[in-house]
Each structure stands twice: as structure tokens, then as C-alpha cells.
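Take any residue in the first sequence, count from 1 to its spot, add 27: that is its number in this note's numbering.
Below is one structure, written out as C-alpha cells; the observations come after it.
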Amino acid sequence: MPSNAEAAALLREIADLLDLNGERFKPEAYRRAARSLETLSEELAVVAARGGLREVPGVGDAIEEKLREYLASGRIGYLDRLRTQIPGGLLEMMRLPGVGPKTTRRFWVELGVTDRAELAGAIEAGRLEGLKGFGPRKIDQVRSALTTAAAGPAPGRVPIDVVYATAVGLRDALRAHAPVDRVEIAGSFRRCRETVGDLDLLVTSTDPEKVFDVFSANPAIAEVRMRGGTKETVVLRGGLQVDLRVVEPDAFGAALQYFTGSKEHNVRLRSLARDRGLKINEYGVFRGDERVGGRTEEELYALLGLAWIPPELREDHGEIDQAASGQLPRLVEAADLRGDLHVHLPKGDPEAGLRAVCARAEALRLDYLGIVVAEPDGSAGQLRTVDALSAAMTAAKGGAVRLLPVAEILPETPTSEVKRVGAELLVLRPGAGTPAAPADLPAPAALRLVAHVGGEAVAAHRWLDVAARSRIAIETGPGAERVDSSLARAAAAMEVRLAVPTGVGEAEGEATRAIALGFARRAGASRESIANARPFEGVRAGAVRRPRRPTAG
DNA sequence: GCCGTTTTCGGCCCGACTGTTTTCAGTCG
Numbered sequence: 028m029p030s031n032a033e034a035a036a037l038l039r040e041i042a043d044l045l046d047l048n049g050e051r052f053k054p055e056a057y058r059r060a061a062r063s064l065e066t067l068s069e070e071l072a073v074v075a076a077r078g079g080l081r082e083v084p085g086v087g088d089a090i091e092e093k094l095r096e097y098l099a100s101g102r103i104g105y106l107d108r109l110r111t112q113i114p115g116g117l118l119e120m121m122r123l124p125g126v127g128p129k130t131t132r133r134f135w136v137e138l139g140v141t142d143r144a145e146l147a148g149a150i151e152a153g154r155l156e157g158l159k160g161f162g163p164r165k166i167d168q169v170r171s172a173l174t175t176a177a178a179g180p181a182p183g184r185v186p187i188d189v190v191y192a193t194a195v196g197l198r199d200a201l202r203a204h205a206p207v208d209r210v211e212i213a214g215s216f217r218r219c220r221e222t223v224g225d226l227d228l229l230v231t232s233t234d235p236e237k238v239f240d241v242f243s244a245n246p247a248i249a250e251v252r253m254r255g256g257t258k259e260t261v262v263l264r265g266g267l268q269v270d271l272r273v274v275e276p277d278a279f280g281a282a283l284q285y286f287t288g289s290k291e292h293n294v295r296l297r298s299l300a301r302d303r304g305l306k307i308n309e310y311g312v313f314r315g316d317e318r319v320g321g322r323t324e325e326e327l328y329a330l331l332g333l334a335w336i337p338p339e340l341r342e343d344h345g346e347i348d349q350a351a352s353g354q355l356p357r358l359v360e361a362a363d364l365r366g367d368l369h370v371h372l373p374k375g376d377p378e379a380g381l382r383a384v385c386a387r388a389e390a391l392r393l394d395y396l397g398i399v400v401a402e403p404d405g406s407a408g409q410l411r412t413v414d415a416l417s418a419a420m421t422a423a424k425g426g427a428v429r430l431l432p433v434a435e436i437l438p439e440t441p442t443s444e445v446k447r448v449g450a451e452l453l454v455l456r457p458g459a460g461t462p463a464a465p466a467d468l469p470a471p472a473a474l475r476l477v478a479h480v481g482g483e484a485v486a487a488h489r490w491l492d493v494a495a496r497s498r499i500a501i502e503t504g505p506g507a508e509r510v511d512s513s514l515a516r517a518a519a520a521m522e523v524r525l526a527v528p529t530g531v532g533e534a535e536g537e538a539t540r541a542i543a544l545g546f547a548r549r550a551g552a553s554r555e556s557i558a559n560a561r562p563f564e565g566v567r568a569g570a571v572r573r574p575r576r577p578t579a580g
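Have a look at this one:
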């Protein structure tokens, strides 16, 4: 089964092998195309079928042909030929920290070393010592890189919800204990990408040394990898790399913009700057040698004739043209969320659980909550009906938050069961089953939401179709049971409303809330396209279904 | 190999840091 991810991986392998061959610009061209495929919200085969491959950024004649070959046969002949020319072990060697393509190639050509084991042998035999450019420290560096690599693979990109608490913890520790003015997390974390490869922290301070001292002492940090005058790189206990940079207050906006990326977005900005006789880098905006801006991001974008672009949109997917023409969407914000349609109470004491959930909801100024009172397997436990919910509410003194009873059902759940629990909102749990036809879905309640859409993207796409045809909202957010931002974008394009979970049912719900909101924003969603940004009355009246646009004429 | 509204050829981000150097190459982001 061809997939976008696999195609991207093959292009990346071509890039790595070309690197080892000493090619100058081709590797980056293949990587650019690979990155495009990874953020594509459509199946490659679908794009190819309508002849749209050339519209994918970074795909030209040559790569289009290779993608067609991949779709037809699952292989790329060019890659197969490269693999026969270059030993596969070199790729592993090249991924050692501090060892790049040039160094790997020299090990191969000058020492005949073709994998990590042979490299270790060569080091122990003292064969690196004669090599030009290899002093004792460099050799030590390679040796310890080999040891670390043998202990376990470095983590690749990590899901954002997994690193969320760590990232925020590091940021808050700096705010509390280091002599800093501003602290922000930049990089793909700030753009709220589904996964992050590392963390980028940016601070302003007049005492970088002290900042690094405080940071290095954080117990989450396993190793300080390097430390200079403006930058420190550390590795966390989980293996994730964190870069901390100190910049001048006057350059904070430029640095924040620069280190937030994405790379593609920044390339486009620099080219716009060049057209205007300007130069931008992490230190500011310059006309010749004169610095004309960079204290804030807004200023930087304004100098390029652009409205400020929310970080979640900075992927060079058309947002720059929108910012130039004033067409940027007004993205949903945290304050727009009025309620939550899908809250599971913690297991155990339902009254205490409800009390805690309501307290969190009030703190977030939410007006209403959909509380799951019945699940397909009966696991909602003690809270099985609306009557039970009301009793628990009274006991818990629910306060100002209004509650909606929710039945979570499978598509095949009998209507009689839904009626029996008296639910006002239905949450569809697709489970492993195939999507039912909309006509088959039980419909005694006015409001419907699809959640727990886990598993394969293909199944999720089918659910999007069902949701679009029968006007059901779909839940976005982190984890395998919610849709990610690219599916959310597809949903938005089909005029399917999104639901943004607020995390009030979880002890650590802040991450869920922030990430779900970020995914909705990455999808370009406005307040109007969010089911739980509707007021309570609207939700209850069935307005969770997105109204159809009036048809012209 | 890709790209372009000054280019269909001639560019392709560029600065910090490290280790090895005596002025620089490689890696990384």
C-alpha cells in the first residue's frame, strides 16, 4: 500500500545517499520534496490521479517521474541503483552526532570503513590517528557517539502531546529561576506540529552565562552537548534535544520568527525581503547595513507588507499570499471555546469527578459540558442515565456550568438504548467497524459528534465523508483517537465542524486543550467552524451541525 | 533537482559552534 510517509522516506534516503556521493544541491531538493509530502493533507495517489503532483512544492519533472514509478510499482529504480553503489552501513554512520556526510565519505574512501562496527574497530586500532583533521578530541567525540548509539537509538520526532509538559516545564523553570526577560518556546512546538524533532527555547537576558547555569542544572537534563556565548544545546533524559538561545531584546521578534519556522515559510519570507531591498535574519530586518526592525514579529511582517501570520499557519501553504492580500482567516482562539461536548468523568466516585470537572470548566469560563453517561460497553459505570447525572450534579453542586447528558454509541447501537438513557448528545465511537451510511445512524438526539476515530487514516477519511453528508462534527486533538491537523484541514474543506476538547476531564488537560486548539488553528479553522464555540442555546438547538451556505440564485 | 511576475540559467540561508587549525572545514539547525 503506497503511502505519503513511505514515499517521503524513500526521497529522504535518496537525499542521504546523494549527500554521501558529494552532490551539492540535489540532496536538499529531495528533502524539500519529502517535507512537502509529509505535510500533504491528501493521499499521494489521489494527487497523482488528478495530475497535481507538479503543484506540490519541490516536485519537478524528475521527482514527479520517480513518484509515479513508486505509485505504480512501489519502487524507485534510481534509489535501487544508488543502494547498489553505496554501502547501507554508511547511512547509519552518517547519523552519528557530529559525523556528517563528508566525514562518513572520508571514512569510507580513506579507511574502507562501511559501517559502525568497522568504524569502532578502526578507532580501537588507531587508524584514525593519521587522518588529517582528526585530533584526539574529534576521535573521542566519534567514539562516544558510537557508544551512545549502541546504547539505543536516538528518538526521532516525538508526538507533541508527549513532550508538552516537559517543554512547558522547562520554559516555566527559566521564567521562575533565571535572569530572563522573555522566554518562548519556538520551533515546530510553537507551530503545533503533530510531532517535534527537538525543542527550541528563546530568551532575552543580559546575563546569558547565568541563564545557561540555571538551565543546565534542571533535573530533566541528562547531558550538556555544547555551550557557547549565545547558545546551549542539551539532551533530556528521554533523549530529546533542546536548544536554548539568548538574544538581544531588540532582536527578539526576528529571532522568534526565525526559530519558529517553518524552513519553507522562512525561505519565502527572505525572498520577499530581497524583492523589497531588505534582508532578514535572526538579528533583525536590515536595509543595507541599517537595521530597520526586528523587535516584534508584527513589525517584521509589516516591513514585508504582510499581516502577522499565526505560527500554526507558517508552512508555506498559501498563508503568505493570504497575509499580503488581507485574506488570512481569523483563527479560533482559546477564549472562543464556550463548552465541551465530550467529557468522560474520571473512574471512581462520579460525584467527586463531576465536582472536579465543573471546577476546571468554571476556571476556563466554559458555559456547558457534555458528560458521557453511557458508553457502548457500559463502562460509564455508576452514571448511567440523565437522572443519575442530575442526582450527581445536585450532590456535587454543579455551579454555573450547564450539563448535557451524552450517550456514546457505536453506529449500530439500537435507538431504544439511546432513548432509554435520555441523552441529548450522541458521540459516535466508530471502533473497528466500517462507517455506517448516514441513514443508518440513530438520530433521536439533535446533536452528533464523531470521536474516538482511531487507527488508519483511510478509515478516518471515510468517517469524514459520513460526517460531511450527515452534518456531524468531528473531534480534533492529540492522540490516536482524535483527528490530526491535516485531517482537520480536510474536514474544514468539506465544511465539517470541528470539536476542540478542553481537557477538563483529565488531570493534565492543559496539553490536550492547547494542542487540540493548535490543530484546529493549523487547519485554518475560525470560531464559526468550531462546534463547541457555539453558545449553549445554539448547541442544544442543533446548531452543532454546520449550516449550509445559502446557494446563489 | 527545483525554481522564476527583474531569471529557462544560475542561483540555492547563513550564522554558531567545535576541533583543528595558523585561517578553515564540517556539522547543525
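Positions of the beta carbon are idealized from the N, C-alpha and C atoms, including for glycine.
Closest by CA to V140, which one among P163, G116 and Y97?
-> Ranked by Cα distance from V140, the first of P163, G116 and Y97 is G116.
Do you know how far the Cα of G532 is from the Cα of S68?
-> S68 and G532: Cα-Cα distance of roughly 30 Å.
Kindly indicate which residue of A152, R322 and T529 has the alpha-carbon position closest to the one of L391.
-> Sorting A152, R322 and T529 by C-alpha distance to the C-alpha of L391 places T529 at the top.
How many angstroms separate the CA atom of R516 from the CA atom of P377?
-> Roughly 36 Å between the two C-alpha positions.
Are the CB atoms of R272 and T257 nearer to each other than 8 Å?
-> Yes, the pair counts as a contact, with Cβ atoms nearer than the cut-off.
Can we say the stretch 235-252 touches the stretch 203-211, given the rule of at least three CB pairs closer than 8 Å?
-> Touching, yes.
Close Cβ partners of V262 (< 7 Å) along its chain, the five nearest in sequence each way excluded = Cβ within range, chain order: A249, E250, R252 and Q268.
Exposure label - Q354; buried when at least 16 CB within 10 Å = Around the C-beta of Q354, fewer than 16 other C-beta atoms lie within 10 Å, and the residue is accordingly described as exposed.
Which of helix, strand or coil DSSP assigns to P186 | Strand.
Could you pull out every unbroken beta strand (DSSP E) segment of at least 3 residues lying fully inside the stretch 493-575, listed in chain order?
-> Here the runs fully enclosed are 500-502.
In whole angstroms, what separates the C-alpha of A464 from that of E119?
-> Note that A464 scores a pLDDT of 48, beneath 50, so its modelled location is shaky; the value from the coordinates is reported in the next line. A464 and E119: Cα-Cα distance of roughly 48 Å.
Between the C-alpha atoms of I501 and P235, what's the straight-line distance to the nearest angstrom?
-> Each residue's alpha carbon lies about 46 Å from the other.
For G222, which residues does DSSP report across the bridge?
-> Note that residue 222 is Thr in the sequence shown here, rather than Gly. Note: T222 is bridge-paired with P186 in the DSSP secondary-structure output.
Any 3 or more C-beta pairs closer than 8 Å across the stretch 366-383 and the stretch 316-330 | Taking a contact to require three or more Cβ pairs closer than 8 Å, the stretch 366-383 and the stretch 316-330 do not qualify as touching.
Report the residue ranges of all beta strand (DSSP E) runs contained in full by the stretch 207-286; include only those spanning at least 3 residues, in chain order.
-> Those beta strand (DSSP E) runs which fall completely within the stretch 207-286 and span 3+ residues are 210-212, 226-231, 248-254, 258-263 and 268-274.
On a CA-only basis, which of G49, V83 and R365 is nearest A558? Give me that one, please.
-> Cα-wise, what sits closest to A558 is R365.
Contact under 8 Å by Cβ, L138 with R154 | For the pair L138 and R154, the CB atoms are nearer than the 8 Å cut-off.
Using the DSSP secondary-structure output, state which residues sit across from V370 in a beta bridge.
-> According to DSSP, V370 bridges with I398.
Classify V230 as buried or exposed, calling it buried when 16 or more other Cβ atoms lie within 10 Å of its own Cβ.
-> V230 should be labelled buried.
Among all the DSSP beta bridges, which residues are the ones paired with N48?
-> According to DSSP, which records beta bridges pairwise, N48 is partnered with nothing at all.
Range covered by the beta strand (DSSP E) that runs through K306 | Per DSSP, K306 belongs to the beta strand (DSSP E) from K306 to N308.
Between the Cα of L396 and the Cα atoms of R59, V527, G504 and R301, which residue gives the shortest distance?
-> Looking at the Cα atoms, V527 is the closest of the given residues.
Less than 8 Å between the CB atoms is what I'm expecting for L393 and D367, so what's the real figure, rounded?
-> Right, their Cβ atoms sit about 6 Å apart.
Contained beta strand (DSSP E) runs [length at least 3] in the stretch 54-87, N- to C-terminal order = List check, beta strand (DSSP E) in window: nothing returned.
Are there 16 or more other CB atoms within 10 angstroms of the CB of M420, so buried, or fewer, so exposed?
-> A residue is called buried when at least 16 other Cβ atoms come within 10 angstroms of its Cβ; M420 meets this threshold and is buried.
Which of the three DSSP states, helix, strand or coil, is assigned to E342?
-> Here E342 sits in coil by DSSP.
Rank L455, L491 and R489 by C-alpha distance to the C-alpha of A478 and give the top, closest one.
-> Residue L455 is the option with its Cα nearest to A478.
Decide if V136 is buried, meaning its Cβ has at least 16 other Cβ atoms within 10 Å, or exposed.
-> Counting Cβ neighbours within 10 Å, V136 comes out exposed, since fewer than 16 surround it.
Taking the CB atoms as reference points, tell me whether L331 and L296 lie closer together than 8 Å.
-> The Cβ-Cβ distance between L331 and L296 falls below 8 Å.
Give me the Cα-Cα distance between L80 and L64, rounded to the nearest whole angstrom.
-> Each residue's alpha carbon lies about 10 Å from the other.
Between A60, R314, F161 and V294, which lies nearest to R39 when the distance is taken from Cα to Cα?
-> Checked all of A60, R314, F161 and V294; the closest Cα to R39 is A60.
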